[in-house]
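If you read the sequence shown in our numbering, its first letter stands for residue 11, the second for the next number, and so on. Ideal Cβ placement from N, Cα and C applies to all residues, glycine included.
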Amino acid sequence: MGVIVVATGNVAKFKEIKEILTRHGIIARMPDIKIDVREGVVSYEENAKIKASYLTSRLGADALGEDSGIEVPALGGFPVVISARFIEGSDRDRNAALLEKMKHIKSEDRKAVFKAYVVITLKDGGYLTGYGELGGRITMKPEGNNGFGYDPIFIPDGYDRSLAILSGDEKNTISHRRKAIEAVLGQYVKYRV
Numbered sequence: 011m012g013v014i015v016v017a018t019g020n021v022a023k024f025k026e027i028k029e030i031l032t033r034h035g036i037i038a039r040m041p042d043i044k045i046d047v048r049e050g051v052v053s054y055e056e057n058a059k060i061k062a063s064y065l066t067s068r069l070g071a072d073a074l075g076e077d078s079g080i081e082v083p084a085l086g087g088f089p090v091v092i093s094a095r096f097i098e099g100s101d102r103d104r105n106a107a108l109l110e111k112m113k114h115i116k117s118e119d120r121k122a123v124f125k126a127y128v129v130i131t132l133k134d135g136g137y138l139t140g141y142g143e144l145g146g147r148i149t150m151k152p153e154g155n156n157g158f159g160y161d162p163i164f165i166p167d168g169y170d171r172s173l174a175i176l177s178g179d180e181k182n183t184i185s186h187r188r189k190a191i192e193a194v195l196g197q198y199v200k201y202r203v
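Next up, the structure:
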């Protein structure tokens, strides 16, 4: 099927995306250049497209950009598109800050949804977009050591464990990112045949 350059410097995210692409016969590779773009606050899709377009223009290759975030209805949707940067620091710092914002919210009101957009920009022009989401709820405290981002404080619907307790295979079976990647790959396969 070919090679897609993945627009991320996050090794954990790259590993997750690579495992999904590999299942579909696509070779994923990390870029050998810095992704020198500034993500905005407009939309996940626009951020994903900015990253992928940058690599396609610099490397002349099909590129995959992804942007995702968590949305908490009890907080008016916060932190949405700024999920990875609403405060400086590590994933652990952001988890602690979100839990602090939610400390007075009852368990039945702790619903949340992960949303992901994936854009593949094509070396011969154009782009393809896929979307995926995963519903669940925010825990009272972090649980587990697997995964990254908000995984330790997010329990998916139908589960009693956080994403950070699930194995990589279990997470990839249900993840918002997998759903978005598979949605865009359905288009990509047709385009490339």
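Quiz item: Apart from the five residues on each side of it in sequence, which residues of its chain come closer than 6 angstroms, Cβ to Cβ, to N156?
Solution: Excluding sequence neighbours, N156 sits near A174.
Quiz prompt | N-terminal and C-terminal residue of the beta strand (DSSP E) that F124 is part of | solution = First-last of the beta strand (DSSP E) with F124: K121 to T131.
Quiz item: What did DSSP end up calling S78 once you bin it into helix, strand or coil?
Solution: Strand.
Exercise. Could you spell out the range, first to last residue, of the beta strand (DSSP E) harbouring A206?
Key: Limits of the chain in this structure are 11 at one end and 203 at the other, which puts residue 206 out of reach.
Quiz item: With a Cβ-Cβ cutoff of 8 angstroms, do G12 and D72 count as a contact?
Solution: It is a contact, given that the beta carbons lie within the stated cut-off.
Practice problem: Let me know the secondary structure DSSP gives R104 once reduced to three states. | Solution: Assigned with DSSP and collapsed to three states, R104 falls in helix.
Quiz item: Contact check, A94 vs G75 under 8 angstroms by CB: the rounded distance?
Solution: Beta-carbon to beta-carbon, A94 and G75 are separated by about 14 angstroms, too far to satisfy the 8 angstroms threshold.
Quiz item: Going by the CB atoms, is the gap between I165 and N105 shorter than 8 angstroms?
Solution: Contact: no.
Quiz item: At what residues does the alpha helix (DSSP H) containing R33 begin and finish?
Solution: R33 -> alpha helix (DSSP H) spans V21 to R33.
Quiz prompt | Chain-order list of residues whose beta-carbon lies under 8 angstroms from that of E143 (same chain, five-residue window excluded) | solution = Within the same chain, and ignoring the five residues on either side of E143 in sequence, the residues whose Cβ sits closer than 8 angstroms to its Cβ are V123, F124, K125, A126, H186 and K189.
Quiz prompt | Backbone CA spacing between V90 and V194 [nearest angstrom] | solution = Roughly 22 angstroms between the two C-alpha positions.
Self-check item: Any beta strand (DSSP E) of 3 or more consecutive residues that is wholly inside the stretch 155-201
Solution: Runs found: 164-166.
Exercise. Report the residue from K116, V16 and M112 whose alpha carbon sits nearest the alpha carbon of G87.
Key: The candidate whose alpha carbon is nearest that of G87 is M112.
Quiz item: In terms of DSSP beta bridges, what is E143 paired with?
Solution: DSSP, once it has assigned bridges, lists K125 as partnering E143.
Quiz item: Who are the near neighbours of P152 in its chain, counting only those whose CB is closer than 7 angstroms to its CB and skipping five residues on each side?
Solution: Excluding residues within five positions, the ones whose Cβ falls inside 7 angstroms are N105, P162 and I163.
Quiz item: Is it right to say T32 is buried, meaning 16 or more other beta carbons lie within 10 angstroms of its own, or is it exposed?
Solution: Here T32 is exposed. Its C-beta has fewer than 16 other C-beta atoms within 10 Å.
Quiz item: When burial is assigned at 16 or more other CB atoms within 10 Å of the CB, is P83 buried or exposed?
Solution: When all chains shown are included, P83 counts as exposed.
Practice problem: Ignore the nearest five residues each way along the sequence and tell me which others in G50's own chain have a CB closer than 7 angstroms to its CB. | Solution: Cβ within range, chain order: E56 and N57.
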